[in-house]
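Some notes on the structure that comes next.
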Amino acid sequence: MYDDEHYQVTVQAAVGTVEREGCQNRVIGHISMFAPSYNLTRHVPGWLSTTPQVMVRTLYDQMAAQSELTLTNYAGTELNVGALLKDARYDYQTLTSSRPKVADGDFAFATDIGFSSARVDKGLHRQHFLDVTITSKMFTGSRYKNLGDVTHSGRIQIGGTSISQTISTLAAPSRSDVTEALLQLVDTHAKALAQTMLCLPLSATMTQRDGGLFVTIGARQGIGPNHLAVVSGDTSPWTILRVTKSDADGATLMPLNRQRNLAELNGQTVTFLEFN
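For the sequence shown, the numbering used here gives the first residue as 83, with consecutive numbering after it.
Here's what the structure looks like:
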């Protein structure tokens, strides 16, 4: 409970390092999807050549269907961090075309799908498999900080050969079964990708401004008045702060301890506490 003068904060004390558990439980995540890439080896059956595009469309649709996510489709633009950060004032292509923008606190990702073939010999019978890998590279904020990758892979049987044509026919799964297995892998990937992004800590660098500490994340990311945040580091004491106002462009915070010097917190990274 808290009012303008009093706060009740539950703090877990520990000696040493406290491992972060659970997740941030963000109420909303803004995510930009950039151009996918595909890598198919030469022995992959031709009928699978357009399946990666179907998988990417399914990935986008499944993530867009989640109420916590707002997706922007930049599928026509490569997620080249160097090019995206190039100063627009000195780049003709950027000046004459719109450039994707990712706000602080938001996410960007690009997905790569790889297909390769494999075979396993078992006596007189040879099984043919499709090895598939889905990797999404994740970034956050206007500087495209690299968050790492989410990867899922699987091996799916696509056929077999035997001394008996009848046995070969019976051993081969249908194309629809193969496609269904691939889309199930996409479903797993979409859920993991969304959960990873929504669970990541929401942090920003504070700038002293107008009698408070300003951050460039706010209502757009679900941050509202009275939301609590913490500063903890080697160069500054452990400090709890409260959001005093927020809008789509950012938020202003003040330390609960009014004796704290704002200048000492200027430039520090603040991490918002979990959403309810």
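Every residue gets a Cβ at the ideal spot worked out from N, C-alpha and C, and that includes glycine.
What does a CB cutoff of less than 6 Å around residue i pick up in its chain, not counting 5 residues either side in sequence?
i: Gly-306; result: Ser-328
i: Val-163; result: Tyr-226
i: Glu-241; result: The displayed chain sequence assigns Gly, not Glu, to residue 241. Answer for Gly-241: His-210 and Ala-254, listed in chain order.
i: Ser-235; result: Thr-215
i: Ser-285; result: Thr-351 and Thr-353
i: Thr-233; result: Thr-217
On the premise that residue j lies in contact with residue i, defined as a C-beta separation below 8 Å, what is that separation, rounded to the nearest angstrom?
i: Gln-144; j: Asp-231; result: Going by Cβ atoms, the distance from Gln-144 to Asp-231 rounds to 19 Å, so no, they are not a contact pair.
i: Leu-280; j: Glu-150; result: 6 Å
i: Val-184; j: Ser-224; result: 6 Å
i: Thr-133; j: Thr-261; result: 7 Å
Rounded to a whole number of angstroms, what is the C-alpha to C-alpha distance between residue i and residue j?
i: Gln-239; j: Ser-198; result: 12 Å
i: Lys-168; j: Ala-254; result: 51 Å
i: Arg-237; j: Arg-201; result: 11 Å
i: Gly-385; j: Leu-141; result: The structure shown does not extend to residue 385, since the chain spans only 83 to 358, so no value can be given for it.
i: Met-288; j: Ala-263; result: 47 Å
i: Ala-147; j: Ala-311; result: 30 Å
i: Glu-356; j: Ile-195; result: 33 Å
i: Arg-171; j: Thr-152; result: Since pLDDT at Arg-171 reaches only 48, below the 50 mark, its modelled position is unreliable, and no value is offered.
i: Thr-217; j: Val-138; result: 11 Å
i: Leu-177; j: Thr-334; result: In this prediction, Leu-177 scores a pLDDT of 49, lower than 50, which makes its location untrustworthy; the coordinate-derived value is nonetheless stated afterwards. One C-alpha to the other measures close to 33 Å.
i: Ser-314; j: Leu-347; result: 10 Å
i: Gln-277; j: Met-336; result: 30 Å
i: Ser-180; j: Leu-166; result: 11 Å
i: Asn-308; j: Ser-256; result: 57 Å
i: Pro-117; j: Val-136; result: For clarity, residue 117 is Ala in the given sequence; the question names Pro instead. Taking the straight line joining both Cα atoms gives about 14 Å.
i: Asn-343; j: Ala-157; result: 46 Å
i: Val-109; j: Leu-265; result: 27 Å
i: Ser-250; j: Thr-154; result: At Ser-250, the pLDDT of 48 sits below 50, so the modelled position is not reliable and the matter cannot be decided from this model.
i: Gln-290; j: Gln-341; result: 15 Å
i: Asp-292; j: Thr-222; result: 27 Å
i: Pro-127; j: Lys-204; result: 21 Å
i: Pro-182; j: Asn-121; result: 25 Å
Going by the C-beta, is residue i closer than 8 Å to any heavy atom of the ligand GTP?
i: Glu-356; result: As for the ligand GTP, it is missing from this structure, which has no ligand bound.
Any Cβ of chain D within less than 9 Å of the Cβ of residue i?
i: Pro-307; result: Note that chain D does not occur in the displayed structure, where there is just one protein chain.
Excluding the 5 residues preceding and the 5 following residue i in the sequence, name in chain order all residues of the same chain whose CB lies nearer than 8 Å to its CB.
i: Met-220; result: Phe-189, Ala-190, Phe-191, Asn-228, Leu-229, Gly-230, Asp-231, Val-232, Leu-275, Thr-278 and Met-279
i: Arg-208; result: Arg-201, Val-202, Gly-242, Thr-243 and Ser-244
i: Pro-283; result: Arg-102, Gln-106, Thr-353 and Phe-354
Please list, in chain order, all residues of the same chain as residue i whose beta carbon is under 7 Å from its beta carbon, the five residues on each side excluded.
i: Thr-326; result: Gly-294, Pro-307, Thr-334, Leu-335 and Met-336
i: His-125; result: Ser-199
i: Leu-267; result: Val-214, Ile-216, His-234 and Gly-236
Between the region 294 to 302 and the region 261 to 278, can you find at least three pairs of beta-carbon atoms closer than 8 Å? no
How do the region 308 to 325 and the region 343 to 356 stand: do at least 3 beta-carbon pairs fall below 8 Å, yes or no? yes
Cβ pair count under 8 Å reaching 3, the region 176 to 195 against the region 107 to 115: yes
Curious, which full-length alpha helix (DSSP H) runs of at least 4 residues does the region 319 to 349 contain? 344 to 347
Start-end ranges of the beta strand (DSSP E) lying completely within the region 252 to 309, minimum 3 residues: 285 to 287, 289 to 291 and 294 to 297
Enumerate, from N- to C-terminal direction, the unbroken alpha helix (DSSP H) stretches of 4 or more residues contained entirely within the region 124 to 175. 133 to 146 and 163 to 166
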